[in-house]
Each structure stands twice: as C-alpha cells, then as structure tokens.
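Peer 1: Here you go, one structure.
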Amino acid sequence: MHTHTHSKAASLDRVTPSPDGDFLLFLGQRVRQLRHLGGMTRKMVAREADVSERHLAQLEAGEGNVSIVLLRRIAGALDVSLVELFAPEVAEPGEKQLIQRFLERLPNHRLEEVVFRLMRDFSPGEKARRKRIALIGLRGAGKSTLGSKLASEKGVRFIELDGEIEKDTGMPLGEIFSLYGQSGYRAI
Numbered sequence: 551m552h553t554h555t556h557s558k559a560a561s562l563d564r565v566t567p568s569p570d571g572d573f574l575l576f577l578g579q580r581v582r583q584l585r586h587l588g589g590m591t592r593k594m595v596a597r598e599a600d601v602s603e604r605h606l607a608q609l610e611a612g613e614g615n616v617s618i619v620l621l622r623r624i625a626g627a628l629d630v631s632l633v634e635l636f637a638p639e640v641a642e643p644g645e646k647q648l649i650q651r652f653l654e655r656l657p658n659h660r661l662e663e664v665v666f667r668l669m670r671d672f673s674p675g676e677k678a679r680r681k682r683i684a685l686i687g688l689r690g691a692g693k694s695t696l697g698s699k700l701a702s703e704k705g706v707r708f709i710e711l712d713g714e715i716e717k718d719t720g721m722p723l724g725e726i727f728s729l730y731g732q733s734g735y736r737a738i
C-alpha cells in the first residue's frame, strides 16, 4: 500500500510543473533543437557523446537528471559551448554567432589581443584616441617638460599618468612600487 501512495505522489509531481521540471523541459528541447540544427540523429549524438540513446531520449523529453560532465560531452557532440546549450535561441545575425563561437574557442592568452584590436578598430571614440600623443621614456628623460610644451602649443590638456595613478590609488608612486613592484604598478 505504501508503494501505491508513493507512485501517486510521483505521478502528481509529473503533472504539477516545478521550476526544476520547467528547466529540464527547456534543456531537453534545446538539446533536440541543436541536434536538428546540426542535422544529427539521436544515434549520432549519443555515439559522439558516449551516452546511451535512451539516456539522450530521456534528456530530450525533460526527464531524469543529467550531470554537468555529461552535458559537456553532449555540447561537444553538438559542436556548441555549454553556454549555447543553456541559452535560449535568440534570433541573432549569423555573423554575430560565428564571432561568438570563434571567441569561445580562442585560447585565453589570445583574448586580450582580440579585445585590444576590436577596441582599437571599432570603439566609438576611435578618432579622439588617434589624436592622442603618449610620451614614453626613462625617468628624467624630459617627458613632462616636452609634454607640457607640446600640449600648450596644440592647445590641449597635458596629463601625467603618474599623477593620475597617485590620485586614483591615494598613494605616492614610491609606496606603490615598494608594496606592489613594477608589475603591480603596470596593472594599475
């Protein structure tokens, strides 16, 4: 009799929507959608992800519970990132999706360079930035003297980064160097 009551409760859980149940349904629909978009059968995805077809069918039906490791394998089989797997389909231009996929596959050490190039080439303030002049040199080489004269001649403001860094941090440069070293100073 106890098992009969238990199965009644279990069937009630299936009827009553829950946030977890809604999420599992969404995830299953998303996996099915991505599988169809990729032109793959359930058998192909199951084989590629090293999961049984039955388990994949349950996932697509919004049933059961799936591990994140298994989801990562399924995402790999579908040739999408985990982010894409969990994201609802948004009607974005194909170019934007291609760029996003490219960036997701790019090694972390290359991302800084890509961000720099995008900002350099496409930022709204690019024209103003190109008009800036930066003086770089050894300490005592005359950057401040030359910079202030050049700014005066051009009728623009002269900014010494050392002073700006001291204002922002509330510490003199000597203290910044003694506490954090040159790499810490450059990070600021």
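Numbering (my numbering), first residue to last: 551 to 738. From the three backbone atoms N, C-alpha and C, an ideal C-beta is built for every residue, glycine too. Keep in mind that this is a model prediction, so the values were computed, not measured.
1. Taking buried to mean at least 16 other C-beta atoms within 10 Å of its own C-beta, is ARG580 buried or exposed?
2. Check for me: the alpha helix (DSSP H) holding PRO657 runs from which residue to which?
3. Cα separation between GLU654 and LEU584?
4. Quick one, are the C-beta atoms of GLU598 and ALA625 less than 7 Å apart?
5. Report yes if the C-beta distance between ILE709 and ILE738 is below 7 Å; otherwise report no.
6. I'd like to check one pair, LEU609 with VAL616: are the Cβ atoms closer than 7 Å?
7. Give the range of the alpha helix (DSSP H) segment to which PRO569 is assigned.
8. Would you mind reading off the limits of the alpha helix (DSSP H) that contains GLU710?
9. What's the call for GLY705, buried or exposed, on a 16-neighbour Cβ count within 10 Å?
10. Are LEU700 and LYS693 closer than 7 Å when you measure CB to CB?
11. Leaving aside the five residues before and after PRO722 along the sequence, list all residues of the same chain whose C-beta is less than 8 Å from its C-beta, in chain order.
12. Return the chain-ordered list of same chain residues with a C-beta closer than 8 Å to the C-beta of ALA607, the five sequence neighbours on each side being excluded.
13. Looking at the structure shown, is ASP671 part of a helix, part of a strand, or coil, going by DSSP?
14. Are there 16 or more other CB atoms within 10 angstroms of the CB of LEU668, so buried, or fewer, so exposed?
15. When you compare the CB positions of GLY588 and GLY612, do they come within less than 7 Å of one another, or not?
Peer 2: Once the coordinates are examined:
1. Buried: at least 16 other Cβ atoms inside 10 Å.
2. Run containing PRO657: none; DSSP gives neither H nor E here.
3. Here the alpha carbons of LEU584 and GLU654 stand approximately 17 Å from one another.
4. Taking C-beta atoms as the reference points, GLU598 and ALA625 fail to come closer than 7 Å.
5. In this structure, ILE738 does not lie closer than 7 Å to ILE709 by Cβ.
6. Their beta carbons are under 7 Å apart, which means VAL616 touches LEU609 by this criterion.
7. For PRO569, the uninterrupted alpha helix (DSSP H) segment begins and ends at 569-587.
8. GLU710 -> no alpha helix (DSSP H), and no H or E assigned at all.
9. Exposed, because fewer than 16 other Cβ atoms sit within 10 Å of the Cβ of GLY705.
10. Annotated as distal: LEU700 and LYS693, with beta-carbon spacing of 7 Å or more.
11. Once the five neighbours on either side are set aside, the close Cβ partners of PRO722 are GLU716.
12. If we look at ALA607 and ignore the five residues flanking it on each side, its Cβ neighbours are ARG592.
13. Helix, per DSSP.
14. Counting other Cβ atoms within 10 Å of its Cβ, LEU668 stays below 16 and is therefore classed as exposed.
15. When the beta-carbon positions are compared, GLY588 and GLY612 stay at least 7 Å from each other.
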